[in-house]
Amino acid sequence: MNPYYNTKEASIFWIQTSEEAIHFIDGIITAYDGVANVRRDYIIKEGKLYFKVFVTDGMHDEFFSIIERCKKYVPITDIVIAQ
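Numbering (our numbering), first residue to last: 377 to 459.
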């Protein structure tokens, strides 16, 4: 069973980053077909922007690996799973 369970097809995560950085992250994730879908939907939590990302079931390890590499180039300070 998916430990990040959110839906049957995807988990929803919120990534805390800047509006400029989300475009970079989207470009990188798009290169990995089928891993995730970065949305421009956002929430503001404690004054910080969090952008919505749908991560395909079974692709969580790949997603987190991509995010770790992205952290070398853009600020990503928090990732939370949607409740």
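Every residue gets a Cβ at the ideal spot worked out from N, C-alpha and C, and that includes glycine.
Keep in mind that this is a model prediction, so the values were computed, not measured.
Check: Nearest to V411 by CA position, among V429, K448, I420, is which residue?
Finding: Position 35 of the sequence shown, counted from the start, is the residue given in the question as residue 411. Minimum Cα distance to V411 is reached at V429.
Checklist line | Proximity of I388 and A458 at Cβ, strictly below 9 Å | finding: Here residue 388 refers to the residue found at position 12 when the sequence shown is read from its first residue. Here residue 458 refers to the residue found at position 82 when the sequence shown is read from its first residue. Yes; because the gap between Cβ atoms is below 9 Å, this pair is in contact.
Next item on the list: Can you give me the Cβ contacts of D454 inside the same chain, cut-off strictly under 6 Å, excluding the 5 residues immediately before and after it?
Entry: In the sequence shown, residue 454 corresponds to position 78, counting from 1. For D454, where only same-chain residues beyond five positions count, the Cβ hits under 6 Å are Q392.
Margin query: Counting C-beta neighbours from all protein chains within 10 Å, is the total for A407 16 or more, i.e. buried, or is it exposed?
Written below: Taking the first residue of the sequence shown as position 1, residue 407 is located at position 31. The residue in question, A407, is exposed, as its Cβ has fewer than 16 Cβ neighbours within 10 Å.
Next item on the list: Over the uninterrupted alpha helix (DSSP H) stretch that includes S387, give me the two end residues.
Entry: Taking the sequence shown and counting its residues from 1, one reaches residue 387 at position 11. It is not in any alpha helix (DSSP H) - S387 instead sits in the beta strand (DSSP E) that spans 386-393.
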